[in-house]
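Everything below concerns the one structure shown next.
Now the structure itself:
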C-alpha cells in the first residue's frame, strides 16, 4: 500500500514535467538489439527507425501497442518472424514510459509524460521537428 501511495505521489509531482518541449527526432536504431543479422547487418534497421519515430512522439497506450505491432509485422515481413516475436517481447517490457530510459515511449518529451494523447500544440511540435527523411510509420 505504501508503494502505491508513493507512486501516486510521484506521478502527481511529475505532472508539471508532462508539459514541455519536444526534442528533435533521433534514432539509435534497434536500441539494445542488433540491427540485423551478421550477414545483413541492417536487415530490419528500417523497421526500428520507424518504430523509434512513433516512440519519440509518444501518445496513448493504444498507440504504443499499434507501434509495437507494426514493428513486429515489419520484422516478420523481412523474413524474420522469430526475431520479430523476440523484439515485440523486448519493446513491450523495455519501452514503458515509466522508466527514464532513452528509448522509452515518448522519449522526445521530458520524462514523466506517461500515456497521454498529443494535443494540437504538441502535434504541431512533432510536425515542425520531423526530419525530411523521417521513416514512414
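Numbering (mature numbering (1 follows the signal peptide of the UniProt record, and there is no 0)), first residue to last: -19 to -1, 1 to 118.
Just so it is clear, CB atoms sit at the ideal spot from N, CA and C, and this is done for glycine as well.
In this text, all values refer to a predicted model and were calculated from it rather than measured experimentally.
Query                                                                                                                                                : Result
Taking only the alpha-carbon atoms, compute the straight-line gap between residue 35 and residue 20 and give it to the nearest angstrom.             : 28 Å
Which value, in whole angstroms, describes the spacing of the CA atoms of residue 130 and residue 50?                                                : No information on residue 130 is available, as it lies outside the stretch -19 to 118 that the chain covers here.
What are the boundary residues of the alpha helix (DSSP H) that residue 71 is part of?                                                               : 62 to 75
Using 8 Å for Cβ pairs, my map puts residue 78 next to residue 96. What's the rounded Cβ distance?                                                   : 6 Å
Do you know offhand how far residue 8's Cα is from residue 112's?                                                                                    : 11 Å
When burial is assigned at 16 or more other CB atoms within 10 Å of the CB, is residue 74 buried or exposed?                                         : exposed
Let's test the definition: count the other Cβ atoms within 10 Å of the Cβ of residue 102 and tell me whether it reaches 16, buried, or not, exposed. : exposed
Do you know whose CA, among 5, 15 and 3, lies nearest residue 71's CA?                                                                               : 15
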